[in-house]
Each structure stands twice: as C-alpha cells, then as structure tokens.
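**Student:** Protein chains in written order, with my numbering: chain A, 2 to 222; chain B, 2 to 222. Where a beta carbon is used, it is the ideal one built from N, C-alpha and C, also for glycine. Computed from a predicted structure; not experimentally measured.
2 protein chains.
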Amino acid sequence: MKVLVVDDDATLRRTLAIGLHAEDHEVLIVADGRSALQALREDRPDIVVLDLGLPDLTGVEVLRQLRTWSTIPVVVLSARAESAEKVQALDLGADDYVTKPFGMEELLARIRAAARRAGSDIPLLEAGDLVIDLPARRVTKAGAVVRLTPTEWGLLEMLVRTPGRLVGQQDLLHEVWGPAYGRETNYLRVYVGGLRKKLEDDPSRPRHLITEPGMGYRFEI
Amino acid sequence: MKVLVVDDDATLRRTLAIGLHAEDHEVLIVADGRSALQALREDRPDIVVLDLGLPDLTGVEVLRQLRTWSTIPVVVLSARAESAEKVQALDLGADDYVTKPFGMEELLARIRAAARRAGSDIPLLEAGDLVIDLPARRVTKAGAVVRLTPTEWGLLEMLVRTPGRLVGQQDLLHEVWGPAYGRETNYLRVYVGGLRKKLEDDPSRPRHLITEPGMGYRFEI
DNA sequence: ACGGGTCTTGACGAGTTCCTGACGCCCCTG
DNA sequence: CAGGGGCGTCAGGAACTCGTCAAGACCCGT
C-alpha cells in the first residue's frame, strides 16, 4: 500500500516514514502543497497523511482540490486543536483529524482504519470508447488522446464526478465559472456543444452528454 | 438517517440527541450494551455513537460482536485518552475515536464524515416497476428511462418525498409553481395527467398517483 | 507587435414546454 | 331527477429552451 506523507517538519517525516515502513507500506514524502498535488496526480497513492501547516498552499486548499477529482482517504494532521478547523477539514472530505502531539501508535491505527474503509476507488471511468482519467486530467477516445480546453475540462469533470446523475445548470456555472455566475446558460450550451463535438460519435445525437431541458446535464455511461 | 446513541450518561445523551435532531437525524438512545446489540439488530440504524464505558458489557465487546455481522459506521466515545485503548478500538473496526471532553461541533462533524463515507447507498424509491432516484433526478419504468419536464419532475418530487402521504393542492402549487399560486388546480390536473401517462401502466386507473378528491394527491408505493 | 488558441457574447431557427380554456364525465347533494 | 362541483382530457398558441454559428475580446508565448 502506497502512503503519501505531506509535512514540512523533517523530524515528523522521518518518524512517520519509519513507522509506516514497519507496516510494509511504500512511503512517498513531500514537504509542500504543490508537490503534494503533483504527487497525488502522478503517483496515485492509496492514502494520504496531510499536515495542514504547509509553506505554500494551506493543507485545506490541497484537500479541497484533491476532493474535486479523487476520494482517496486523507488523514489530516494539525497543530491546532480548534474545533472550527476540525469541522472544516472533516466537512471538506477529510477522513480523520489528528491533533499534534499524538502517539505514533494511534496515528498508525487511524491510518489503518482509514485504509480499511477505503472503498473501491474508481480512478478511471469508461464509457463506450471513452476513457476518462480524472487524476491525470486525461481523456481518450478509442485510444486517441482528446485535447480539452480548461473550461471544457472543468465542465466534463463536474459531470463525470457523479456519473448518471443530473447536474443543475446553476451548479455547473457556479462550479466552473465561479459563484458570480448562474444565469449564463448560453455558456453551457456553447461548451457542452464543444465537448460533444470532441467526445461523441454523433454530436447531434449524444449518448453520453445528455441534456435535461430546463434542468441541467448529465453524463451517461 | 437513523443514529443509535449508546451512552449511560444522561446529560450527554440529551445533548447528543438535540444536536443530531437538529441535523434531521432520527435518534435512538440506549444506555447499556445488551440494549445496544438488540437495537442494532432490530432497528438497523445507519450509524452508531458508542461510549466505551457501559454498565454491563464493555463498549469494546459490543463493537466486537457488532463487527461479526455488520459494517455500519461506529464512532467511539471514551473518557480515556490512552493510546492502547484507541488502537484497540480502531483495529476492532471502529471508524473514529473521540476522547471526552469534546466539542459537540467536532463530534457532529466526525459523525457526518463517518456517515458520508458509508452512506454512498442511494435512497431509491421502488414502486412496482418504477424506480425513482431523487438525487440523480432519474426515473425508470421497467428499466427504461422516463423523460420528465421540469414541472413534471417538481410535482413528482414533491409527492415522492413523502410516500403514501397526502399532499394538499395548495402545497403542491406553492412549492412547484411558486408562492403566488394556490387556486390554479387545473394546472395540477394537467400535469398529474401527464405524469400518469408516462408512469402508470393504465393511466386511466392509476395505482401510484392517487387523487384525493377535494384535497390533493398522494404517491402510493 | 503578432498569431494562435481560448473565452465571451449575441442572434437565429427548431423544437419543446407551459399555460389556458373548453368540454365531457363522474359523484354527491338537494 | 336536476344541478353543481371536482376531475380528466385535449388542443392550440404563447413563451421558453436548446443547439449552432460567428464575430469580437482576451490571453498567452513568440
């Protein structure tokens, strides 16, 4: 099992690495938020131990971004015991929250618990001849890589995150264009049209990117 | 969502019950281990909050027995902060371990987190050959997807949210068409008619979308 | 400054959905 | 038995939504 440790405290990193190694885990270590996100995309760890106090991005921001494309277990470490921060992290999708100082035995047990629960993660979504890899931000159609613009990707990601489920037009606009948007449904029409042209066999008769008139769109497997 | 609280401290029970109720959970409360196991088998809660300090069985024993036949999320409460006990509980299958004293906000967040991880089971409503998936906004009849217009969906959602219960005509108009509406019962006749045509085997003799003359409509499973 | 790609914006036809009134039916009541 | 209220059905036109296109604005790296 591959564990990614994100922490800027060298001592703690070493201790953790030793403890995790003793349990036969492969350990990856990074010290800042950007490297963490990169390692998450590229190395596909099975579980993450994430310190909230990072030099560049906050741990919370890392968590938020991670949760847009992955559901892997995250155990948060923090020096702060404040309730508000715990609540925030947990509601953002953290699986556990451990306050420093902590016993190594306990942390390892919590990691075991989080890993045990780890449901079958679905990193790849296959729909016909489409393969969508959220972490890698990569779409292939019949084996060929499809180039998407950032906006197109944001839209597709939002739809693919909940396959089969209807996503409201306002939800899409809020998420992809920002909270200030909500009435610009013409944007959606344009970009869904673009995605269909790139992804559907017959863009005029879409099988995956389905319109629900008056409500929103859905990605059908 | 049904929450079982197992604790022998009356004050804590009350606080928890209030907090959980505020989040729209149904709360079951028992004070000892035997009642806990019985409630787990009979009432099938969706999540358990389990205090380790119980008068008869130890909480650990309850957990051990529970895990022989169920994987529902368990959040353990304990007055002891000793690492060994945490490790034991977590390795026995507890999903989280909270040490007293704790903030109610934090506990509720941890309960939400535990429930979220487990609660990927979708609340589907099945009525004959109809399957209604509220979150996904999807209705299938005998496996085939049924397309609904926004108004039809609004109406159906309103009725399905309380299966078997009568919903008044004014309630429906207020909710689906807006607060300004209330006397336009002809709208209801038209759209219920449309829904019956799409959903009922014999629209002229509806089995699910039932009219209660003079009062409103009811969705019968 | 230039050029390629990306994003915004408006406009149009085609298709769908919504509203509305009219009609006939049933049941209940006087 | 007649009257009335509530219900289901139908169909037309108004209003809306969608897909598409194209022009212009914007943002890069060269």
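Pairs of beta-carbons, one from the region 89–99 of chain B and one from the region 190–205 of chain B, closer than 8 Å: are there three or more?
**Tutor:** Touching, no.
**Student:** Does DSSP put THR69 of chain A in a helix, in a strand, or in coil?
**Tutor:** THR69 of chain A falls in the coil class under three-state DSSP.
**Student:** Would you give the residue range spanned by the alpha helix (DSSP H) that VAL221 of chain B belongs to?
**Tutor:** The residue you asked about is not Val; residue 221 of chain B is Glu in the sequence shown. No alpha helix (DSSP H) holds GLU221 of chain B; DSSP gives it neither H nor E.
**Student:** Find the residues of chain B that neighbour GLU107 of chain A, judging by a C-beta separation of less than 7 Å, and give them in chain order.
**Tutor:** Going along chain B in sequence order, the residues near GLU107 of chain A (Cβ under 7 Å) are SER84, LYS87 and VAL88.
**Student:** How should LEU125 of chain B be labelled, buried or exposed, when 16 other C-beta atoms within 10 angstroms of its C-beta is the threshold for buried?
**Tutor:** With fewer than 16 other Cβ atoms within 10 Å, it is exposed.
**Student:** Check whether chain A comes within 8 Å of ARG68 of chain B, counting only Cβ atoms and requiring the distance to be less than that.
**Tutor:** By this cut-off, ARG68 of chain B is not an interface position.
**Student:** Between the region 17–30 of chain A and the region 53–61 of chain A, can you find at least three pairs of beta-carbon atoms closer than 8 Å?
**Tutor:** Too few Cβ pairs lie closer than 8 Å, so no.
**Student:** In chain order, what residues of the region 151–170 of chain A put their CB closer than 7 Å to some CB of chain B?
**Tutor:** Residues GLY165, ARG166 and LEU167.
**Student:** Please give me, in chain order, every unbroken run of the beta strand (DSSP E) with length at least 3 that falls completely inside the region 135–185 of chain A.
**Tutor:** The region 135–185 of chain A contains these whole beta strand (DSSP E) runs: 139–142, 145–147 and 167–169.
**Student:** Are the C-beta of ALA114 of chain A and some C-beta of chain B separated by less than 8 Å?
**Tutor:** Closer than 8 Å: yes.
**Student:** ASP92 of chain B: beta carbon under 7 Å from a heavy atom of the ligand GDP?
**Tutor:** You won't find the ligand GDP in this model; it holds no ligand whatsoever.
**Student:** Quick check on the DSSP output: the beta strand (DSSP E) that includes LEU5 of chain A runs from which residue to which?
**Tutor:** Here the beta strand (DSSP E) through LEU5 of chain A covers 3–7.
**Student:** Got a sec: is the Cβ-Cβ distance from ARG139 of chain B to anything in chain A below 8 Å?
**Tutor:** Yes, its Cβ sits closer than 8 Å to a Cβ of chain A.
**Student:** I'd like the list of long-range same chain contacts for GLY183 of chain A, defined as Cβ closer than 7 Å, with 5 residues on each side in sequence excluded.
**Tutor:** Excluding sequence neighbours, GLY183 of chain A sits near GLN171, LEU174 and HIS175.
**Student:** How about VAL50 of chain A and VAL7 of chain A: do their beta carbons lie closer than 8 Å?
**Tutor:** Result yes, Cβ atoms of VAL50 of chain A and VAL7 of chain A sit closer than 8 Å.
**Student:** For the beta strand (DSSP E) containing ILE123 of chain B, name the first residue and the last one.
**Tutor:** Taken as a continuous stretch (DSSP letters only), ILE123 of chain B belongs to no beta strand (DSSP E), as it is neither H nor E.
**Student:** Can you tell me the Cα-Cα spacing of LEU112 of chain B and TRP154 of chain B, whole angstroms?
**Tutor:** Looking at the sequence provided, one finds Ile at residue 112 of chain B rather than Leu. If I take the Cα positions, the gap works out to 32 Å.
**Student:** Check each candidate in A:GLY165, A:SER205 and A:LEU200 and name the one with the smallest Cα separation from ILE222 of chain A.
**Tutor:** Nearest C-alpha to ILE222 of chain A: A:GLY165.
**Student:** List the DSSP bridge partners of LEU51 of chain A.
**Tutor:** According to DSSP, which records beta bridges pairwise, LEU51 of chain A is partnered with A:VAL7 and A:VAL77.
**Student:** With 8 Å set as the bound, which would you pick, yes or no: does the beta-carbon of ASP96 of chain A sit closer than that to a beta-carbon of chain B?
**Tutor:** At least one chain B Cβ lies under 8 Å of ASP96 of chain A.
**Student:** Answer with buried or exposed for ILE123 of chain B, where buried requires no fewer than 16 other C-beta atoms within 10 angstroms of its C-beta.
**Tutor:** By the neighbour-count rule (16 or more Cβ atoms within 10 Å), ILE123 of chain B is not buried but exposed.
**Student:** Please report the distance separating the alpha-carbon of GLY94 of chain B from that of SER71 of chain B.
**Tutor:** C-alpha separation (whole angstroms): 10 Å.
**Student:** Just how far apart, CA to CA, sit ILE48 of chain B and VAL88 of chain B?
**Tutor:** If you take the alpha carbons of ILE48 of chain B and VAL88 of chain B, they lie about 20 Å apart.
**Student:** Using the C-alpha atoms, what's the distance from ASP52 of chain A back to ARG118 of chain A?
**Tutor:** Between ARG118 of chain A and ASP52 of chain A, the C-alpha separation is close to 21 Å.
**Student:** Quick one, are the C-beta atoms of LEU55 of chain B and ASP9 of chain B less than 8 Å apart?
**Tutor:** Taking 8 Å as the Cβ cut-off, LEU55 of chain B and ASP9 of chain B qualify as a contacting pair.
**Student:** Going along the chain, which residues of its own chain have a beta-carbon closer than 8 Å to the beta-carbon of TYR218 of chain B, five neighbours each way excluded?
**Tutor:** Contacts found: LEU160, LEU167, VAL168, GLN170, LEU173, LEU189, VAL193, LEU210, ILE211 and THR212.
**Student:** Excluding the five sequence neighbours on either side, which residues of its own chain have a C-beta within less than 8 Å of the C-beta of ARG225 of chain A, listed in chain order?
**Tutor:** A question about residue 225 of chain A goes unanswered here, because the residues of chain A that appear run from 2 up to 222.
**Student:** According to the neighbour-count rule (16 or more other Cβ atoms, all chains shown, within 10 Å of its Cβ), is ALA115 of chain B buried or exposed?
**Tutor:** It is buried - the Cβ of ALA115 of chain B has at least 16 other Cβ atoms within 10 Å.
**Student:** Taking C-alpha atoms, which residue in A:ASP92, A:GLU106, A:ALA80 and A:ALA85 lies nearest to ASP92 of chain B?
**Tutor:** Checking every option, the nearest Cα to that of ASP92 of chain B belongs to A:GLU106.
**Student:** I want to see whether chain A comes within less than 8 Å of ARG111 of chain B, judged by CB atoms only; does it?
**Tutor:** Taking Cβ atoms only, chain A reaches closer than 8 Å to ARG111 of chain B, which makes this a yes.
**Student:** When the distance is taken between beta carbons, is MET216 of chain A closer than 8 Å to PRO136 of chain B?
**Tutor:** Contact flag unset, no.
**Student:** According to DSSP, which residues form a beta bridge with ALA128 of chain A?
**Tutor:** Answer by DSSP bridge pairing, in chain order: A:LEU131.
**Student:** Tell me whether GLY223 of chain A is buried or exposed, calling it buried when 16 or more other Cβ atoms sit within 10 Å of its Cβ.
**Tutor:** With chain A represented from 2 up to 222, any question about residue 223 of chain A goes unanswered, as that position is not in the structure.
**Student:** Let me make sure I understand the geometry here. Which of B:GLN39, B:TRP178 and B:VAL147 has the alpha-carbon closest to that of GLN66 of chain B?
**Tutor:** Cα-wise, what sits closest to GLN66 of chain B is B:GLN39.
**Student:** Roughly how many whole angstroms lie between the Cα atoms of TRP178 of chain A and ARG138 of chain A?
**Tutor:** In a straight line, the C-alpha of TRP178 of chain A is about 18 Å away from that of ARG138 of chain A.
**Student:** By how many angstroms is the C-alpha of LEU13 of chain B removed from the C-alpha of LEU5 of chain B?
**Tutor:** Looking at the two C-alpha atoms, the distance is approximately 13 Å.
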